[in-house]
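Numbering (this note's numbering), first residue to last: 4 to 571.
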């Protein structure tokens, strides 16, 4: 894979752009195009850069693959009869362009672009969707139906564009287009609703009136994508398959899934990720965890059951191969047990196509492959998890709240890293500016957990500055009292104070005289003993003859409302 913004690739582009999908659909026929005042859709081969391609896409142009013709004209049959027709227009506005009727599989020459049509997704932004893909598309643009109601669902809808370094042959297009779609589906963990991008004669509409496009300028050779294998390959029998427990096979065929699991769940263990027996106890919760390394692998997780047409057999074989890489000593019986669970938990087998015999063949194939062959077959997963592996994994046994444990342990490990690099002599803001690799909020939580001062007192705090200002003001007041002369007018007093460095306004002088020289007589000579206080509650026997005569103060007591779930 290379990144080249100036790379030019070959693609068929419609001569006209369309402002809406209705116009594009109308131009598929001569009558429809005439009704809206446009020409019938026609295509011209062009070499464009990724950004030039996006410019055409956002101007409403339509795209298709490359087709070739070994004759000047062909016999075609239409409603009007049987006659010869040239693949290209020879006059009119579409002169030199390829006719839409010749965009057919039988004339397919190749393609340098693979489109992935995303119609439904749980991602709320295109950027989030693209970020989840390991091998990024060359370009991305929205479709006409983006964020609109389609079959009762409002979703982001867009197209991923993968550009290749050479014109793919029909066989290469079939292989690589399928690999691209599988790669996107695995990375996003979402089902692919439409595989129209794998059809040679498919055309793809552009969009009109949007500037939301994404361009990575990534150019692929095709071999970056993992090569799929046949869904049900014929594999030679090996001795490992003979070691399968006949009782295990019989119970798989006869028992209900829950009954089967009750019998065998203690004999075999479900394996889905690389882990060892060395677990570390968390200091802040009851969970156990272990750090991962560059050898970490795990199975793909499917949010929705894998249905017919989504390569169920291939995915089961991939799971078996990954388990052999994760646990080289795994037995054939253990592998079969794990595939049986995969089938019931993550695959839709309502058509009963995936039988126990199919699982046996998957086990047979995986057990017959050498470690080198397994690594070659699973090279994409190895590379992906080497880059995207979690920092740690949590032991799920007896863990009541897994997400809470993950959050606590993640913070615990993050704080241990900060212990080594956090500078306690400077403030949180200064540490954050130095590039700590975490957010400012995380640094404040770290300081609270470690009881670190967030603003070291190298400079006076606001409280200290207030104390200093208050002390200076008191010195001015003391000097004012010392220099005050009641025989002087206010102006003369002001001049005298100024000579001694005390510059006050007339208003301040009046205020200080009233407050510090001649305070109000109401506050002079106050004696608390002159006041008597009647207690609120007295001994009833000394005041009231009958307890019924006790005063009723009707003092209400506040009862806070009960909040459901406040302690959950």
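C-beta: ideal position from N, C-alpha, C; glycine also. Quick caveat: nothing in here was measured; it's all calculated off a predicted structure.
Comparing C-alpha distances from residue 356 to each of 336, 139, 381 and 316 shows the shortest one belongs to 316.
For residue 87, there is no enclosing alpha helix (DSSP H); the residue is part of the beta strand (DSSP E) that begins and ends at 84-88. For residue 47, the uninterrupted beta strand (DSSP E) run begins and ends at 45-51, by DSSP. Residue 324: member of the alpha helix (DSSP H) spanning 315-329, first to last residue.
According to the DSSP assignment, residue 291 belongs to the beta strand (DSSP E) that extends over 291-294. Here residue 419 has no same chain residue with a Cβ atom under 6 angstroms from its own Cβ, once five neighbours each way along the sequence are excluded. Scanning 450, 408, 402 and 395 for the CA closest to the CA of residue 422 turns up 450.
In this structure, the beta-carbon distance from residue 416 to residue 398 does not fall below 8 angstroms.
If the five residues before and after residue 274 are omitted, its C-beta is found closer than 8 angstroms to the C-beta atoms of 326, 329, 330, 333, 337 and 341, all from its own chain and listed in chain order.
Contact between residue 45 and residue 102 holds, since their C-beta atoms are separated by about 6 angstroms, short of 8 angstroms. Looking at 514, 486, 456 and 137, the one whose alpha-carbon comes closest to that of residue 502 is 486.
The Cβ-Cβ distance between residue 26 and residue 16 does not fall below 8 angstroms.
Annotated as proximal: residue 172 and residue 113, with beta-carbon spacing under 8 angstroms. In the three-state reduction of the DSSP assignment, residue 222 falls in the strand class.
Here residue 496 really is in contact with residue 512; their C-beta atoms are around 6 angstroms apart, less than 8 angstroms. In the assembly as shown, residue 87 is an exposed residue. Its beta-carbon has fewer than 16 other beta-carbons within 10 Å.
Residue 335 holds the alpha-carbon nearest to the alpha-carbon of residue 372 among 482, 73, 335 and 135. Counting only residues of its own chain and dropping the five nearest sequence neighbours on each side, residue 42 has a CB closer than 8 angstroms to the CB of 18, 19, 30, 36, 95, 96 and 97. Here residue 424 is exposed. Its C-beta has fewer than 16 other C-beta atoms within 10 Å. Contact between the region 353-367 and the region 257-275 is not established, with fewer than three Cβ pairs separated by less than 8 angstroms. With respect to residue 180, residue 117 sits close: the two C-beta atoms are nearer than 8 angstroms. Taking C-beta separations shorter than 7 angstroms and ignoring five residues to either side along the sequence, the partners of residue 308 in its chain run 349, 350 and 351, following chain order. DSSP places residue 434 inside the alpha helix (DSSP H), whose first and last residues are 431-436.
Residue 206 is positioned such that its CB atom lies no closer than 8 angstroms to that of residue 22. The three-state secondary structure of residue 20, taken from DSSP, is coil. Taking C-beta atoms as the reference points, residue 119 and residue 200 count as a pair closer than 8 angstroms. Taking C-beta separations shorter than 6 angstroms and ignoring five residues to either side along the sequence, residue 32 has no partners in its chain. When the Cα atoms are used, residue 193 and residue 306 turn out to be separated by approximately 7 angstroms.
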